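Each residue of the sequence shown is one higher than the one before, counting from 1 in full-length UniProt numbering.
A virtual CB, placed ideally from N, CA and C, is assigned to each residue, including glycine.
Here the structure is a predicted model, which is why all the values come from computation and not from measurement.
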Amino acid sequence: MSASILKQHLEIRGLELVSDQHKHRKVVASRLLKKGSVVITSRPLCNPVIFPTHRSLHCETCFKSKAQQTGNISSNDIELERCSVCKKRYYCSRDCFTVAWKGWHRWICTDKNKDRTDLDFEMLKMVVMSVERLRNGSYKESEDAYTLSPALAVADFGEMESEPLALTEYVFSTLMGHEVVTEPTLLAKYKEIATTVREELISSKFPFKGRQQQQPDDTKKESLLPSIMELVQYLCRFHCNNFSIHDPQLFTMAEGTLPIGALFNHSCRPNAIVMYEGKVQLIKALEDIEVGEEVCTSYVDNGVPREERRQLLREKYFFECLCPRCGDQQQQQQQQTAAVQEPKTGFRILDDLIEGEQDGPDGKGVNGEWLTKQFDAIIIPGARSLQIAGPRLQPPSVMTRASFTSYIIHSLVPLIQTGASQQEYTERLFEIYETLQSTPHSEPKPFTTTVMTNATSFFNTCLEHQSWALASKIGTFILALYLMIYPRHHPLVGLHCFTLAKSLWNDVEGGMTSVRLSHEMLKLARNILQVSHGVKSSGNAALVMEVMAFMKTVEKELDS
Ligand SMILES: [Zn+2]
Ligand SMILES: [Zn+2]
Ligand SMILES: [Zn+2]
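Written out as structure tokens, the structure reads:
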């Protein structure tokens, strides 16, 4: 395996890996990548490690959860069976157990330290075993076919060659671990893990054959294993390249080493999103990506404030972000030296807008009564007004929670519903940023990340207590904030619209206005989730089907 095979693998998919002065390397589009398409799939180097708290909820082999298996997300009636030896890992079928047993489970089933919460131990052990089996020729592609092919099929690459594990391993070997700049205490911890894993592997039954295909005795086995330094290198690579694997609802449940996916750089305004079908990763285009444009995913939540985001990127991934939101080096220097500053434009405005720690009366923190008063003023928009992209709105003279919500929802939702181009949408968004910057606002500032956090937790409380009318108002406000901060087809936005639609539907006091808006929110959820979750038959698409089924129910009510 070599660079040329990787080049070809990317080329077929309309991608090219080019070197970059600042970022080391980057993936750019070599042809137009359509919005909602799977840019590339990425397979794990070894079976991903399910979080200990989630082991009884997912099949370790195919990752199906108890609920998903029946195609009904709310039902919970399928039992997973656990391995009768260790009683720690769960499987949905005999087939899945056999795949796991042959592939990896038999080597770790009788591990003494099964209850370790640090996932690095197991990840390291499994990666070492995967790499060894590849090198000594005992790994067969066909053994993974059962669990990978259905997911890889959704990629819609037709007859295209899927990713051989040897390519996965080659790309892993090229990933940066940044050992030199890693904290000494972290390196010491890695050394400890590496030493333990090495000892455990030596005493395990897992055969290290090396390239000579001979059965080594114990001393030889030791010499065939990677050195402690090599293992520390692996751990450093995990640290800045591994992914948290999530389900269709975006709940994380496992950690995986997915080297192809790790080739994509970060942006705080990404044009692609990481999704999963079982344990296979899909990189999906959130917008049309033009030839020559870099394909970026996001390593952090886009709703996190600037400083927190940048600190995380610096500490965990060792880089200074130069994305459209963070600005280029020159702009960042200007900011630090307070030299003559050019006024910010475009996405650069966003972080100034959402900055602010204060919430509650006189910044003294929030309580239910105060929050209720704040959100009660929000007026549920009429569904009709969201269906047609009209002329630009006159902004309110003062931005309050209510006027902000109305202004953003009426300005942006119609553009998504009518499928406006990315350019048109972004231009409108920039106008909104400038308006928010220049319009006086009520105190505390209604559109900060602090307000978003408080509103979200109050929204969940209201849903729990079935206070549908108030929940619907807060949910509409949160949608406005999301549209201001996240890319329009971000799955988080789509999932929120679905929750909001359910709340509106339940709000009987709202009458038909509420029902009509519920229908509009379902359309919005569908339009967004079709991009992020796809439409082909798959675990993710089941969510889109659920939205459509709910729409039918609401339509019946509207017709009657
Ligand atoms: Zn299974
Ligand atoms: Zn077991
Ligand atoms: Zn950034």
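Practice item. Report yes if the C-beta of residue 96 is less than 6 Å from at least one heavy atom of ligand 2; otherwise report no. Key: By one-based count along the sequence shown, residue 96 stands at place 96. No, the beta carbon of residue 96 sits no closer than 6 Å to any heavy atom of ligand 2.
Give every residue of the same chain whose Cβ lies closer than 7 Å to the Cβ of residue 127, excluding the five residues on either side of it in the sequence, and list them in chain order. The residue labelled residue 127 in the question sits at position 127 within the sequence shown. For residue 127, where only same-chain residues beyond five positions count, the Cβ hits under 7 Å are 45, 46, 234 and 257.
**Message:** By DSSP's criteria, residue 243 is part of a beta bridge. Which residues make up the other side?
**Reply:** Position 243 of the sequence shown, counting from 1, holds the residue named residue 243. Beta-bridge pairing links residue 243 to 256.
Q | Option in 345, 385, 307 and 315 with minimal Cα separation from residue 357 | A | Position 357 of the sequence shown, counting from 1, holds the residue named residue 357. Taking only the C-alpha atoms, the option nearest residue 357 is 307.
### Message
If the criterion is Cβ atoms closer than 7 Å, does the pair residue 272 and residue 39 meet it?
### Response
Against the sequence shown, residue 272 aligns to sequence position 272. Against the sequence shown, residue 39 aligns to sequence position 39. Closer than 7 Å, so yes.
Quick one: is residue 374 buried, meaning 16 or more other Cβ sit within 10 Å of its Cβ, or exposed?
Taking the first residue of the sequence shown as 1, we reach residue 374 at position 374. Its Cβ being crowded by 16 or more others within 10 Å, residue 374 is buried.
So residue 28 is in the alpha helix (DSSP H); what residue range does that whole segment cover? In the sequence shown, the residue the question calls residue 28 occupies position 28. Here residue 28 belongs to no alpha helix (DSSP H); instead the beta strand (DSSP E) covers 24 to 29.
So, at 8 Å on beta carbons, what are the nonlocal neighbours of residue 410 in its own chain, with the 5 sequence-adjacent residues on each side left out?
Here residue 410 is taken as the residue at index 410 of the sequence shown, counted from 1. Only 381, 385, 386 and 393 meet the Cβ criterion.
field: Under 7 Å between C-beta atoms of residue 395 and residue 439
entry: Here residue 395 corresponds to residue number 395 of the sequence shown, with the count starting at 1. Here residue 439 corresponds to residue number 439 of the sequence shown, with the count starting at 1. It is a contact, given that the beta carbons lie within the stated cut-off.
- prompt: Would you report the Cα separation of residue 269 and residue 288, rounded to the nearest angstrom?
  reply: Position 269 of the sequence shown, counting from 1, holds the residue named residue 269. Position 288 of the sequence shown, counting from 1, holds the residue named residue 288. Cα-Cα distance, rounded: 14 Å.
Exercise for the section: Would you tell me roughly how many angstroms separate the C-alpha atoms of residue 13 and residue 4, rounded to the nearest one? Expected result: Locating residue 13 in the sequence shown gives position 13, counting from the first residue. Locating residue 4 in the sequence shown gives position 4, counting from the first residue. Residue 13 and residue 4: Cα-Cα distance of roughly 14 Å.
Quiz item: Short check: CB of residue 478 to CB of residue 455, under 7 Å?
Solution: Here residue 478 refers to the residue found at position 478 when the sequence shown is read from its first residue. Here residue 455 refers to the residue found at position 455 when the sequence shown is read from its first residue. Against a cut-off of 7 Å, the Cβ pair of residue 455 and residue 478 comes out as a contact.
Checklist entry - Should residue 53 be counted as a contact of ligand 1 given a C-beta to heavy atom distance under 6 Å? => result Residue 53 sits at position 53 when you count from the first residue of the sequence shown. Checking every heavy atom of ligand 1 against the Cβ of residue 53, none is found closer than 6 Å.
Who sits around ligand 2, taking every residue whose Cβ is closer than 7 Å to one of its heavy atoms?
83, 85, 86, 88, 89, 105 and 109
Report the rounded CA-to-CA distance for residue 208 versus residue 116, giving the unit in angstroms. As a position in the sequence shown, residue 208 is number 208, starting the count at 1. As a position in the sequence shown, residue 116 is number 116, starting the count at 1. Going from the Cα of residue 208 to the Cα of residue 116 covers about 24 Å.
Legend entry - Spatial neighbours of residue 20 in its chain, beta-carbon cut-off 6 Å, leaving aside the 5 residues before and after: Here residue 20 corresponds to residue number 20 of the sequence shown, with the count starting at 1. Same-chain partners within the cutoff: 26.
(Q) For the segment 55 to 69 against the segment 88 to 101, do three or more pairs of beta-carbon atoms, one drawn from each stretch, fall closer than 8 Å, so that the two count as touching? (A) yes
Note to self: Any heavy atom of ligand 1 inside 6 Å of the beta-carbon of residue 279?
What the structure shows: For this step, residue 279 is matched to residue 279 along the sequence shown. Outside the cutoff, so no.
Alpha-carbon to alpha-carbon, residue 493 and residue 446:
As a working note, residue 446 is residue 446 in the sequence shown. As a working note, residue 493 is residue 493 in the sequence shown. Taking the straight line joining both Cα atoms gives about 19 Å.
| query | Does the beta-carbon distance from residue 359 to residue 305 come in below 7 Å? | reply | Position 359 of the sequence shown, counted from the first residue, corresponds to residue 359. Position 305 of the sequence shown, counted from the first residue, corresponds to residue 305. No. Outside cutoff.
- For residue 377, which option in 460, 404, 334 and 66 has the closest C-alpha, if you only look at C-alpha atoms? Stepping through the sequence shown from its first residue, residue 377 is reached at position 377. Of the listed residues, the one whose Cα sits closest to residue 377 is 404.
Discussion item. Could you compute how far the alpha carbon of residue 422 sits from the alpha carbon of residue 506?
Written reply: Translated into the one-based positions of the sequence shown, residue 422 becomes position 422. Translated into the one-based positions of the sequence shown, residue 506 becomes position 506. Their Cα atoms are separated by approximately 33 Å.
| query | Taking residue 55 as the reference, which of 81, 31 and 43 has the closest Cα? | reply | As a position in the sequence shown, residue 55 is number 55, starting the count at 1. When each option's Cα is compared against that of residue 55, the closest is 81.
Which value, in whole angstroms, describes the spacing of the CA atoms of residue 498 and residue 183? Position 498 of the sequence shown, counted from the first residue, corresponds to residue 498. Position 183 of the sequence shown, counted from the first residue, corresponds to residue 183. Using only the alpha carbons, I get a separation of about 43 Å.
- For my contact list, residue 42 and residue 260 are in at a C-beta cut-off of 8 Å; report their separation, rounded to the angstrom. Within the sequence shown, the letter at position 42 stands for residue 42. Within the sequence shown, the letter at position 260 stands for residue 260. With 8 Å as the limit, residue 42 and residue 260 qualify as a contact, their Cβ atoms being about 4 Å apart.
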